[in-house]
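Novice: I am attaching a structure below and will ask some questions about it afterwards.
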Ligand code: SF4
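Residue numbers (the working numbering): 2 to 288.
Below is the structure:
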């Protein structure tokens with residue numbers, strides 16, 4: 002029932018995002034999923050377009066120096082994703098003939114590709130039937146199917162089973178419904194102000210039928226940003242990305258006053274392979 006309502010709505014209303022266009026390859030979809038994991042669509046779009054023009058196939062990215070990859074990642078945040086994507090490109094080039102595999106298990110074996118990304122690539126890159134479960138989809142299911150105001154903490158197996166039960170049997174139609182569920186959660190059934198009056202599934206929504214009761218279950222922890230190690234790492238990476246070569250320690254010291262936190266973050270960037278120390282003691286993006 003939900004699928005029958007979501008499918009025509011998505012076909013008519015879906016946002017025109019570049020990675021949804023028919024000419025986008027599975028590689029383009031994979032790149033978009035890496036970028037979208039923790040970054041909003043509006044920030045991803047220009048970076049994705051540049052990225053695909055520069056590295057249209059996995060082997061092209063695999064051949065690029067790591068410093069170029071990190072610079073191109075720019076300010077998308079969580080730059081470990083760029084390293085993992087670079088590694089995944091190398092694995093696809095070497096082990097899969099430069100062609101992204103369509104099989105969920107083969108996708109999950111790639112660096113940085115978890116269950117969500119593997120299923121998203123199978124569905125959106127290849128048009129296959131795969132339950133794709135992100136935060137937005139979990140919220141839609143919690144409301145429309147279970148009549149609860151929010152989804153609460155993830156329950157991976159149960160969440161997958163819930164979404165799988167909503168998908169039609171045929172691959173192509175299931176892939177449309179998977180995309181539609183994500184779109185619904187992103188633009189209509191939002192966390193704070195669901196627009197039920199504009200929602201294609203309102204007539205079948207259990208939460209609406211129950212009178213939109215307030216959510217009183219467990220909540221997911223909300224992560225702050227200001228003052229966190231993530232913010233400090235971002236500032237240090239900005240310095241390294243903006244420099245043409247290695248920088249002195251003093252250039253990094255200038256961006257954050259808490260020396261203990263700064264040292265810890267710099268150390269973590271070195272350990273993660275996002276930065277390197279040169280023989281003369283300066284710091285740079287990895288070669
Ligand atoms: S009717 Fe409202 S609560 Fe139900 S799925 Fe649509 S937007 Fe979400």
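Ideal Cβ placement from N, Cα and C applies to all residues, glycine included.
Excluding the 5 residues preceding and the 5 following residue 11 in the sequence, name in chain order all residues of the same chain whose CB lies nearer than 7 Å to its CB.
Specialist: Against the chain shown, residue 11 aligns to sequence position 10. Excluding residues within five positions, the ones whose Cβ falls inside 7 Å are 177, 180, 181, 184.
Novice: Compute the beta-carbon to beta-carbon distance between residue 135 and residue 112, rounded to the nearest angstrom, for a pair I have assumed lies under 8 Å.
Specialist: Here the question's residue 135 lines up with position 134 in the chain shown. Here the question's residue 112 lines up with position 111 in the chain shown. The pair is not a contact, with the Cβ atoms about 20 Å apart (cut-off 8 Å).
Novice: Going by alpha carbons, who is nearest to residue 204 out of 256, 266, 144?
Specialist: The sequence position of residue 204 within the chain shown is 203, counting from 1. When each option's Cα is compared against that of residue 204, the closest is 144.
Novice: Do residue 62 and residue 116 have their CB atoms nearer than 9 Å?
Specialist: By one-based count along the chain shown, residue 62 stands at place 61. By one-based count along the chain shown, residue 116 stands at place 115. No.
Novice: Thinking C-beta only, is residue 110 closer than 9 Å to residue 120?
Specialist: Start at 1 with the first residue of the chain shown, and residue 120 comes out as number 119. Start at 1 with the first residue of the chain shown, and residue 110 comes out as number 109. No, the pair does not count as a contact, with Cβ atoms beyond the cut-off.
Novice: Is residue 202 near the ligand SF4, in the sense that its beta carbon is under 8 Å from a heavy atom of that ligand?
Specialist: By one-based count along the chain shown, residue 202 stands at place 201. Yes, the Cβ of residue 202 comes within 8 Å of a heavy atom of the ligand SF4.
Novice: Relative to the ligand SF4, is the shortest distance from any of its heavy atoms to the C-beta of residue 190 smaller than 8 Å?
Specialist: The residue you call residue 190 lines up with position 189 of the chain shown. Answer for residue 190: yes, Cβ within range of the ligand SF4.
Novice: May I ask you to check if the CB of residue 260 is nearer than 8 Å to at least one heavy atom of the ligand SF4?
Specialist: To locate residue 260, count along the chain shown from 1; it is residue 259. No, since every heavy atom of the ligand SF4 falls outside the 8 Å radius drawn around the Cβ of residue 260.
Novice: Beta-carbon separation of residue 49 and residue 60 under 9 Å?
Specialist: Here residue 49 corresponds to residue number 48 of the chain shown, with the count starting at 1. Here residue 60 corresponds to residue number 59 of the chain shown, with the count starting at 1. It is not a contact, given that the beta carbons lie outside the stated cut-off.
Novice: Would you give the residue range spanned by the alpha helix (DSSP H) that residue 286 belongs to?
Specialist: The sequence position of residue 286 within the chain shown is 285, counting from 1. Careful: residue 286 lies outside any alpha helix (DSSP H) and carries neither H nor E.
Novice: Our contact map puts residue 148 next to residue 208 with C-beta atoms below 8 Å; I'd like the distance itself, whole angstroms only.
Specialist: Numbered from 1 along the chain shown, position 147 holds the residue referred to as residue 148. Numbered from 1 along the chain shown, position 207 holds the residue referred to as residue 208. That belief holds up - the Cβ atoms of residue 148 and residue 208 are roughly 5 Å apart, short of 8 Å.
Novice: Less than 9 Å between the beta carbons of residue 146 and residue 167, yes or no?
Specialist: In the chain shown, the residue the question calls residue 146 occupies position 145. In the chain shown, the residue the question calls residue 167 occupies position 166. The answer is yes: Cβ separation under 9 Å.
Novice: Are the beta-carbon atoms of residue 240 and residue 253 separated by less than 9 Å?
Specialist: On the chain shown, residue 240 is found 239 positions in, with the first residue counted as 1. On the chain shown, residue 253 is found 252 positions in, with the first residue counted as 1. The answer is yes: Cβ separation under 9 Å.
Novice: Give the C-beta separation of residue 71 and residue 275 to the nearest angstrom, bearing in mind that I take them to be a contact with Cβ-Cβ under 8 Å.
Specialist: Position 70 of the chain shown, counting from 1, holds the residue named residue 71. Position 274 of the chain shown, counting from 1, holds the residue named residue 275. That pair is a contact at about 7 Å.
Novice: What is the rounded straight-line gap between the Cα of residue 40 and the Cα of residue 77?
Specialist: As a working note, residue 40 is residue 39 in the chain shown. As a working note, residue 77 is residue 76 in the chain shown. The straight-line gap from Cα to Cα measures roughly 6 Å.
Novice: Just the Cα atoms here: how many angstroms apart are residue 201 and residue 6?
Specialist: Indexing the chain shown from 1 puts residue 201 at position 200. Indexing the chain shown from 1 puts residue 6 at position 5. Roughly 6 Å between the two C-alpha positions.
Novice: Could you check the C-alpha separation between residue 79 and residue 65 for me, to the nearest Å?
Specialist: For this step, residue 79 is matched to residue 78 along the chain shown. For this step, residue 65 is matched to residue 64 along the chain shown. If I take the Cα positions, the gap works out to 20 Å.
Novice: Cβ of residue 157 within 9 Å of Cβ of residue 38?
Specialist: Residue numbering aside, residue 157 sits at position 156 when the chain shown is read from its first letter. Residue numbering aside, residue 38 sits at position 37 when the chain shown is read from its first letter. Result no, Cβ atoms of residue 157 and residue 38 do not sit closer than 9 Å.
Novice: Taking the continuous alpha helix (DSSP H) assigned at residue 266, which residues delimit it?
Specialist: The count along the chain shown starts at 1 and reaches residue 266 at position 265. Taken as a continuous stretch (DSSP letters only), the alpha helix (DSSP H) holding residue 266 covers 260–272.
Novice: Ordered along the chain, which non-local residues of its own chain (more than five positions away) have a Cβ less than 7 Å from that of residue 91?
Specialist: As a first step, residue 91 must be located in the chain shown, where it is residue number 90. 63.
Novice: Could you check the C-alpha separation between residue 212 and residue 198 for me, to the nearest Å?
Specialist: Residue mapping note: residue 212 aligns to position 211 of the chain shown, counting from 1. Residue mapping note: residue 198 aligns to position 197 of the chain shown, counting from 1. Their Cα atoms are separated by approximately 14 Å.
Novice: For residue 278, list the residues DSSP reports as bridge partners.
Specialist: The residue you call residue 278 lines up with position 277 of the chain shown. BP columns for residue 278 point to 284.
Novice: Rounding to the nearest angstrom, what Cα-Cα distance links residue 123 and residue 187 in this structure?
Specialist: Residue numbering aside, residue 123 sits at position 122 when the chain shown is read from its first letter. Residue numbering aside, residue 187 sits at position 186 when the chain shown is read from its first letter. C-alpha separation (whole angstroms): 20 Å.
Novice: Would you mind giving the Cβ-Cβ distance between residue 128 and residue 173, rounded to the nearest angstrom? I have them listed as a contact below 8 Å.
Specialist: Your numbering for residue 128 matches position 127 in the chain shown. Your numbering for residue 173 matches position 172 in the chain shown. About 5 Å separates the two Cβ atoms, so the contact holds.
Novice: Could you check if residue 166 belongs to the surroundings of the ligand SF4, using beta carbon to heavy atom distance under 8 Å?
Specialist: By 1-based counting over the chain shown, the position of residue 166 is 165. Checking every heavy atom of the ligand SF4 against the Cβ of residue 166, none is found closer than 8 Å.
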